[in-house]
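Mapping of the sequence shown onto the numbering used here: residues 50 to 227, in sequence order. Idealized CB from N, CA, C, for every residue including glycine.
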Amino acid sequence: ESFLSFKSGPEGTCIHDGTWQSAIHGIADQANLRTLRRQLAHESLPVVVKIKRRGQCFYSNQLKEYSIPFLGADASVVKRTQRYLHEDLQESPVQYSAYVAVGGLTSVIKLMVSGPEAGYVATPIAMVQAGVTILKEPGLLPKRGGVYTPGAAFSKTKLIERLDKAGVHFSVICKPEA
């Protein structure tokens, strides 16, 4: 599970128009996307450990705040990545759900991404490092052509190490309970 939480400064929070437009069009096209996915007729992935199903709004005891399902592309990207890892690399798939925190103070963080401003500074850094990885580690990329999620394309590479050296850091703050 992932939980997204926001902290705003003294002037409040804002959202870029491109992000807003993407959200509006994504929500408006949900039915079309559902139809397209059904037409693909993928076999269900095996369930190794079933994730606990949550309601539309629930209180997270870990975060000490209310959360709702996150409407971003995260879950779709993770599911596509898991399909690739299972079908092409024979790895066991994981279950995943994304939520956004809507109230209270964050007390537990599972993973922290830190570095420069995310939208206009960290994104180009990530794109350049992904390109460097493609050039330097072609043997560790998927063998077949096609469209891959970042997790599928770079799962066996040193992209995370490159990002860390470039100032975009991924840190495990709290491991899930066993």
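Query, Result
"Whole-angstrom distance between Ser125 and Ser116, CA atom to CA atom", "19 Å"
"CA-to-CA distance, Leu190 to Ala201, given in whole angstroms", "8 Å"
"Residue burial classification, Pro95 (beta-carbon count within 10 angstroms, cutoff 16)", "exposed"
"Boundaries of the alpha helix (DSSP H) in which Pro199 is found, first to last residue", "199 to 202"
"Alpha carbon of Ser51 to alpha carbon of Arg103, nearest angstrom", "13 Å"
"Meets three-Cβ-pair contact criterion under 8 Å: the stretch 196 to 210 and the stretch 127 to 134", "yes"
"Given 8 Å, three or more beta-carbon pairs between the stretch 131 to 141 and the stretch 86 to 94", "yes"
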